[in-house]
Every structure is written in C-alpha cells, then in structure tokens.
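Asker: Quick one: structure below, then a few questions.
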C-alpha cells in the first residue's frame, strides 16, 4: 500500500523492464528501418513462389532458401547493376545542367557506381589493366561495399525466417493478442492481404518493368544507326519502371515523348532511318508496356486501396523517408486505411469494437464450399495450397520432435475428419 493505492512493486518492476526492452527493440528497428522494411518487401515478393515450392521441396528451410537465392538474390543483383549504370547516366546529365543540389545529395552513390562496367566493354577490351583499375576502385570503397553486403544479408535473413516461420508467428499472434470479437485477426488479415498486393503486385512489377526496359533499350542501341541512339537507355528504362506505378498512362508519359524526339531527330537528319524510332515505339509498347502488364499484373491479389492514395504514398514516401520510403509509405497507408475502416468507427461511437464495423463482405471471404474453395486471406494462393503447406509444415515439425503430423493436428489422415480426444474413428 503506497499513498492509499494498492501497488504491486514486482509488477511495476517488470513493466519497467518491459518498457526498457521495448525501447531497445524500437531503437534497433529505427536505426535499420530501411533494412527491415526491405526485408518485409522480399518476404511478400517471394511468398507466392515459396508456397508453390513448399509443396515439392522439404524441409521448409530448403524451400525458403531456394525461393530467395534462385529468385530474389539474382533479381537484386541485376537491379543493383542497372541502378549503378543509371546513376552514371544521371551524372552525365547533371554535368550539363544546373542541378548541383540533387547531384551533391547522391554523389557518394555516383562515385561507387563507377565500379559497374558494361559487359560489352569488358569483353571487347579484356585488358588486365582495366581489371586492375576496377579492383583498385573496389578497394577504395571497401567500407561502403561491406556495409551494403551486411545490410543485404540482414534483409535476406529477415525474409528467410518470415517465409519459414510465418505460420508459427501467426499462431503466436492469435494466442497472445486474439480477442473475443476477432478484431485483431480481421485487422491483420486485411493488412496482410493489401501488403501482398502492394509489394508483390505493384512494386515488384515496377522493379521488373524498369529492368526489362533498361535491357530492351540497351539492346536496341546495339542495332541503332550511327549517331542515332536512344539517349541514356538505362536511366530511361528505370524511369519507365517508376512511371508504371501511375495507373494506365504512367509508362506512356515516358516513351511517347522519347519516340517523338527520336522521330523528329531522324526526320531532320536522315528520313531513311525512320524505321528506328518506329522500332523503339513498338518495343516500348509491346515488350516494356504490354507484356509485363499482362504477365505480372494478374498476380496482384486485390486492389482494395484507392489508386490515388497509393500513388501519393509512392510519391511522399521517398520524399519523407528516403529510398526506403517507396516501401514504407504504402505500408503506413495500408495500416491507416484499415484502422479507419475496422476500428475507428466503433471508437468514435463508443461502442464495443467488432470486426464487422464496416461491410463484413469486405473484411471476410465467404467460407469456401466443398465444390469450389475460394482464396483465403493472407495466403497468396488458394486454400488447397495453404492446406498442403500447413500439412508439410506439420510434417516437418513432427519429424523434429518424433510425433506424427496427425498426432499434432488431432486429425485422422485417412479421411481428413478431426477425431475428438479420447475417441477412435470408427
């Protein structure tokens, strides 16, 4: 009893310990927020592939490693190389224009980008002196490169353990924070669904489109007539990928003006080469614009967010937080939108919080029927795929502790019907 209040000093002490530990965790996350955010992006970008590999590859660790090192790592290295070439081209533009402020902000990255050389340059001139020059330059930026490799390792580690143990994390969350009304679970499911849409759909589409554009334009330049080339092809490809975040007209805002510029330049110089601007336009329309849109867009699992809000999140995120803002901005948008839709109406009304504060058809899918099972929230695939993945996870867990998968789940594997404890299936 302190001052007339019944205070449990032991409980207060543990609360203080918890606050200190929580503050330490928040400080670590804040110090490496870009690394953590990009690790979450890698998780959502590779999760659909992992769920399909998981049905054929065991254990789960091998499936997660395969998804990351066979898909994510090569794509990251290709994008890093493309970005380095794009920075070199941006530096060439900056030398001819008055953008010293922006150039000064990214000058350290421009310096490191000089390590990247085009493959045709190395193959056409296999001079040992050139290799030695690249090696000396790399040693000069050894600290920067080592720091980048460390962050890359942490990103891949975060994505790896999220892929392998996301089902365990989900069970822990439901046990520890689940409420009677299912509000927390409804909120997390809605957030998970839109994270999958944002990261696997929109951003991955933009990154891959930018890489395809850069490769296509550099290839076109190999066949371009003399003194008639695509200006800054790698940077142009990256701009095309970034513009794909703008619905419908995004990429066209980039390659339409460039096509017109090439057409006018060719018509004034030598009309016999007008086939090249036409070829550029066709490649941009078909290879860079249409094919990625038809192949990649169908994987977007849902478009429940207003496209204008998403576009603003992509714009203001990098402006406020830096390079990782392109991932963090949409994440904040998703968290805020679903809080406003699910929780805020009941908080304002002062009523008990329920997950059906808004139209329940928005929050929950209907239960899949025996004849036609639909997709489940946060699964990234069909319910059948999720069931197979969970069964495989149960089998891996069982092999580790000596129990069978059916013992862990309490179900008889012969008919898939749950058997109550203490009874046998007749």
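In UniProt numbering, the protein residues as written are 1 to 426. Every residue, glycine too, gets a C-beta built ideally from N, C-alpha and C. Since the structure is predicted, the reported quantities are computational estimates derived from the model, not experimental observations.
Between which two residues does the alpha helix (DSSP H) containing residue 66 stretch?
Answerer: In the chain shown, counting from the first residue as 1, residue 66 sits at position 66. Here the alpha helix (DSSP H) through residue 66 covers 60-67.
Asker: Please state if the CB of residue 313 and the CB of residue 333 are separated by a distance shorter than 7 Å.
Answerer: Taking the first residue of the chain shown as 1, we reach residue 333 at position 333. Taking the first residue of the chain shown as 1, we reach residue 313 at position 313. Contact flag set, yes.
Asker: Taking C-alpha atoms, which residue in 17, 311, 44, 37 lies nearest to residue 249?
Answerer: In the chain shown, counting from the first residue as 1, residue 249 sits at position 249. Ranking 17, 311, 44, 37 by Cα distance to residue 249 puts 311 first.
Asker: Is the CB-CB distance between residue 67 and residue 199 below 7 Å?
Answerer: The residue labelled residue 67 in the question sits at position 67 within the chain shown. The residue labelled residue 199 in the question sits at position 199 within the chain shown. No; because the gap between Cβ atoms is not below 7 Å, this pair is not in contact.
Asker: Over what stretch of residues does the alpha helix (DSSP H) that includes residue 331 continue unbroken?
Answerer: As a first step, residue 331 must be located in the chain shown, where it is residue number 331. That run of the alpha helix (DSSP H) goes 325-342.
Asker: Please work out which residues of its chain come closer than 6 Å, Cβ to Cβ, to residue 330, disregarding the five sequence neighbours upstream and downstream, and give them in chain order.
Answerer: Residue mapping note: residue 330 aligns to position 330 of the chain shown, counting from 1. 198, 313, listed in sequence order.
Asker: Could you round the C-beta distance between residue 432 and residue 220 to whole angstroms and report it? I think they count as a contact, below 8 Å.
Answerer: The shown model of the chain, from 1 to 426, leaves out residue 432, and the question about it has no answer.
Asker: What three-state label does DSSP hand residue 225 in the structure shown?
Answerer: Here the question's residue 225 lines up with position 225 in the chain shown. Residue 225: coil per DSSP, three-state reduction.
Asker: Quick one: measure Cβ to Cβ for residue 225 and residue 256, integer angstroms, because I've assumed they're closer than 8 Å.
Answerer: As a first step, residue 225 is located in the chain shown; it is residue number 225 there, counting from the start. As a first step, residue 256 is located in the chain shown; it is residue number 256 there, counting from the start. Not a contact, Cβ separation roughly 21 Å.
Asker: Under the rule that 16 or more other beta-carbon atoms within 10 Å means buried, what is residue 272, buried or exposed?
Answerer: For the purposes of this step, residue 272 is taken as the residue at position 272 of the chain shown. With fewer than 16 other Cβ atoms within 10 Å, it is exposed.
Asker: Please go through the same chain and pick out, in chain order, the residues whose beta-carbon is closer than 6 Å to the beta-carbon of residue 20, but skip the five residues on each side of it.
Answerer: Position 20 of the chain shown, counting from 1, holds the residue named residue 20. Excluding residues within five positions, none has a Cβ falling inside 6 Å.
Asker: Looking at the unbroken alpha helix (DSSP H) that takes in residue 314, where does it start and where does it end?
Answerer: Taking the first residue of the chain shown as 1, we reach residue 314 at position 314. Its alpha helix (DSSP H) spans residues 307-321.
Asker: Using alpha carbons as the reference points, say which of 49, 27, 12, 287 lies closest to residue 160.
Answerer: What you label residue 160 is simply residue 160 of the chain shown in a count that begins at 1. Looking at the Cα atoms, 49 is the closest of the given residues.
Asker: Alpha carbon to alpha carbon, how far is residue 206 from residue 27?
Answerer: Position 206 of the chain shown, counting from 1, holds the residue named residue 206. Position 27 of the chain shown, counting from 1, holds the residue named residue 27. Answer to the nearest angstrom: the Cα atoms are 31 Å apart.
Asker: Please go through the same chain and pick out, in chain order, the residues whose beta-carbon is closer than 6 Å to the beta-carbon of residue 318, but skip the five residues on each side of it.
Answerer: Residue numbering aside, residue 318 sits at position 318 when the chain shown is read from its first letter. Cβ neighbours of residue 318 beyond the five flanking positions: 325, 326.
Asker: Leaving out the 5 sequence neighbours to the left and right, which residues in its chain are closer than 8 Å to residue 195 when beta-carbon positions are compared?
Answerer: As a first step, residue 195 must be located in the chain shown, where it is residue number 195. Contacts found: 40, 44, 331, 334.
Asker: Using the three-state DSSP reduction, which class does residue 265 fall into: helix, strand or coil?
Answerer: As a working note, residue 265 is residue 265 in the chain shown. Residue 265 falls in the helix class under three-state DSSP.
Asker: Give the DSSP-derived three-state secondary structure of residue 27 in the structure shown.
Answerer: For the purposes of this step, residue 27 is identified with residue 27 of the chain shown, where counting begins at 1. Residue 27 falls in the helix class under three-state DSSP.
Asker: Write down every uninterrupted run of the alpha helix (DSSP H) in the segment 128-209 whose length is 4 residues or greater and which is fully enclosed by it, in chain order.
Answerer: List check, alpha helix (DSSP H) in window: 128-140, 142-177, 183-196.
Asker: Just to confirm my understanding: we take residue 369, look at its own chain, exclude 5 residues before and 5 after, and list those with CB closer than 7 Å. What are they?
Answerer: What you label residue 369 is simply residue 369 of the chain shown in a count that begins at 1. Because the pLDDT of residue 369 is 43, which lies under 50, any placement of that residue in the model is unreliable, and the number read from its coordinates should be weighed accordingly. There are no such residues.
Asker: On the criterion of 16 or more Cβ atoms from any shown chain inside 10 Å, does residue 155 qualify as buried, or is it exposed?
Answerer: In the chain shown, residue 155 corresponds to position 155, counting from 1. Residue 155 should be labelled buried.
Asker: In whole angstroms, what is the alpha-carbon distance linking residue 23 and residue 15?
Answerer: Here residue 23 corresponds to residue number 23 of the chain shown, with the count starting at 1. Here residue 15 corresponds to residue number 15 of the chain shown, with the count starting at 1. In a straight line, the C-alpha of residue 23 is about 12 Å away from that of residue 15.
Asker: Alpha carbon to alpha carbon, how far is residue 254 from residue 261?
Answerer: Locating residue 254 in the chain shown gives position 254, counting from the first residue. Locating residue 261 in the chain shown gives position 261, counting from the first residue. Computed Cα separation, rounded: 11 Å.
Asker: Alpha carbon to alpha carbon, how far is residue 283 from residue 294? Give it in angstroms, no decimals.
Answerer: Against the chain shown, residue 294 aligns to sequence position 294. Against the chain shown, residue 283 aligns to sequence position 283. Distance between the alpha carbons of residue 294 and residue 283 is about 15 Å.
Asker: Give the secondary structure of residue 38 by DSSP, where H, G and I count as helix, E and B as strand, and everything else as coil.
Answerer: Looking up residue 38 in the chain shown gives position 38. Residue state, collapsed to three classes: helix.
Asker: Exposed or buried, which one is residue 25 when buried takes at least 16 other CB atoms within 10 Å?
Answerer: Taking the chain shown and counting its residues from 1, one reaches residue 25 at position 25. Exposed, since its Cβ has fewer than 16 Cβ neighbours within 10 Å.
Asker: Applying the 10 Å Cβ sphere with the 16-neighbour rule, what's the burial state of residue 427?
Answerer: Summary: the structure shown does not reach residue 427, with the chain confined to residues 1 through 426, and so no result is reported for it.
Asker: Identify, in the order they occur along the chain, each residue of the same chain with its Cβ nearer than 7 Å to the Cβ of residue 185, setting aside the five sequence neighbours on each side.
Answerer: Reading the chain shown from its first residue, position 185 is the one you call residue 185. Closer than 7 Å at Cβ, skipping near neighbours: 174, 178.
Asker: Measure from the alpha carbon of residue 316 to the alpha carbon of each residue in 337, 32, 328, 150, then state which is nearest.
Answerer: Against the chain shown, residue 316 aligns to sequence position 316. Nearest of 337, 32, 328, 150 to residue 316, Cα basis: 328.
Asker: Any idea what DSSP makes of residue 245, helix, strand or coil?
Answerer: Mapped onto the chain shown, residue 245 falls at position 245. Three-state result, residue 245: coil.
Asker: Out of curiosity, what's the CA-to-CA distance linking residue 289 and residue 216?
Answerer: As a working note, residue 289 is residue 289 in the chain shown. As a working note, residue 216 is residue 216 in the chain shown. Going by the C-alpha atoms only, they are around 11 Å apart.
Asker: If I measure Cβ to Cβ from residue 157 and keep anything under 8 Å in the same chain, skipping five residues before and after, which residues do I get?
Answerer: Position 157 of the chain shown, counted from the start, is the residue given in the question as residue 157. Here the set comprises 39.
Asker: Taking the alpha-carbon of residue 307 as reference, which of 342, 268, 244, 182 has the nearest alpha-carbon?
Answerer: Residue mapping note: residue 307 aligns to position 307 of the chain shown, counting from 1. Minimum Cα distance to residue 307 is reached at 244.
Asker: If you reduce the DSSP assignment to three classes, tell me which class residue 239 lands in.
Answerer: Residue numbering aside, residue 239 sits at position 239 when the chain shown is read from its first letter. Helix at residue 239.
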